[in-house]
Amino acid sequence: MLLHRNQHEIVMSTSNGEIIFWDLRNNAANSIIPDPEGGPIHSLSIDPDVTSLAAVNSSGQLMVWSLNGNSVWKPLERYRCQVHPTYALKVQFSPDSTLLATCGADGKFKILKTADFSVVTSQKVSPSGLFWVWDCAFSADSRFLLTATSDGIARLWNLETGEVPVEYKGHQRAITCMAFRDQSLS
């Protein structure tokens, strides 16, 4: 679930693949079902510029819509592709709105350019590729990505080099979600 930056619209998804746009001022809702066969929508993200809405679902699809004006009521589909062979679990825009990250049950995260949706990184989080990538978060400067995986390790990825300068170990079980806040020093 997301609160639009205008503070009066909520965007949420359901287990039947529906995306609901709720106007809190008028107590009214509008909905779309972007892929009736795709299963539940697992994650939603609105870019910081509030011009795009992205969603991922159980069939591994990424869907992106353009938002017009100061409202999400009438999104226009902009892009759709298969980003993971099975469950796509998370989608997240970068703070500078130039990148889009997806996480999946295939043990990978992918980074796409928002300008043309080309994949710039497709990275397995572990050599075996057996661990699901549940969640991710960008650093404030959009140069690093933090991932949460079912092997109990959170990893900080340098997106320019593909290296992992830091692994946060100590969890006994899967890390399925996280909250991360980073502040830009500039």
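Position 157 of the sequence shown, counting from 1, maps to 157 under the UniProt record's numbering, and the rest follow consecutively.
Where is the CB? At the ideal position from N, CA and C, for every residue including glycine.
Per DSSP, what kind of secondary structure is residue i in: helix, strand or coil?
{"i": "A105", "result": "coil"}
{"i": "E9", "result": "strand"}
{"i": "M63", "result": "strand"}
{"i": "H84", "result": "coil"}
{"i": "T147", "result": "strand"}
{"i": "H171", "result": "coil"}
{"i": "R25", "result": "coil"}
Would you decide whether residue i is buried or exposed? Buried here means 16 or more other CB atoms lie within 10 Å of its CB.
{"i": "G107", "result": "buried"}
{"i": "E163", "result": "exposed"}
{"i": "S139", "result": "buried"}
Quick one: what's residue i bridged to in DSSP?
{"i": "F138", "result": "L145"}
{"i": "F180", "result": "According to DSSP, which records beta bridges pairwise, F180 is partnered with nothing at all."}
{"i": "V133", "result": "T149"}
{"i": "N30", "result": "F21"}
Once you ignore the five residues that flank residue i on each side, which residues in its own chain have a CB closer than 7 Å to its CB?
{"i": "G38", "result": "G17, N57, S58, S59, Q61"}
Going by C-alpha distance, which of the options is nearest residue i?
{"i": "M178", "options": "E160, A148, I153, G152", "result": "A148"}
{"i": "A154", "options": "F109, F117, S118, D116", "result": "F109"}
Note down, in chain order, each residue of its chain lying with its Cβ closer than 6 Å to the Cβ of residue i, except the 5 sequence neighbours on either side.
{"i": "V91", "result": "S43, S45, A54, V56, T102"}
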